[in-house]
């Protein structure tokens, strides 16, 4: 479904990505794990069109998307849940969801998707007319996920969905991630919480200073001594 080949990206003299390659098969959850500054968010920014690779290719269903602007990437079927949630704080919950559906033409289908989000996130339904900036961190994360789902993506990119959340909410967010995947959406998950990421993923890649250091099934990564020591606190 998604194939990243020899991806390079630098911020000035700082090399953020140094020739990484990985793939995401349809129906999977694939986790990218690694420390701060490893290049995880830069990878997602390149896939989503926010940044463009300086070398290498990004192919989605066989088509190179590495030069597409973000709105064209969304139209192709890829949506991003950004790091830090990035909800539109001065807009209501409902308005945020409507913004997520900007590429869709049918009002009836948009309304149906809004109701689907409210069925999945009942707390958002209760707060549909509340300003997004007044929501709790967990509710904002749910809104960011709901907004990304409004474009009906085939591939959902998630950047640190558990960041800054209480442990109980982290469990809830990962249950939602699993549920979204079970309902047919492929997920590329960037996450510092390696334990939770590996618990829901099928495959995983470990990024270290802009390069893939390890890769394999999520089970293999969870049992790998180097991964245990560096990321699982063992």
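Residue numbers (UniProt numbering): 1 to 234.
Beta carbons are placed, not taken as given, at the ideal position from N, Cα and C, and that holds for glycine.
Contact check for residue 39 against residue 209 passes: the beta carbons are separated by less than 9 Å. Remark: C-beta atoms of residue 65 and residue 50 do not approach each other more closely than 9 Å. One Cα belongs to residue 67, the other to residue 214, and the distance between them is close to 28 Å.
The criterion of a C-beta distance shorter than 9 Å is not satisfied by residue 177 and residue 121. Taking the CA atoms as reference points, residue 185 sits about 20 Å from residue 99. Its chain contains 17, 20, 53, 56 as the residues whose beta carbon lies nearer than 6 Å to that of residue 7, once the 5 sequence neighbours on both sides are disregarded; these appear in chain order.
Of the candidates 169, 146, 167, 135, the residue whose Cα lies closest to the Cα of residue 158 is 146.
Per the coordinates, the alpha-carbon of residue 34 lies some 13 Å from the alpha-carbon of residue 196. Residue 129 is a Cβ neighbour of residue 94, given a cutoff of 9 Å.
By the neighbour-count definition (other C-beta atoms within 10 Å, threshold 16), residue 42 is a buried residue.
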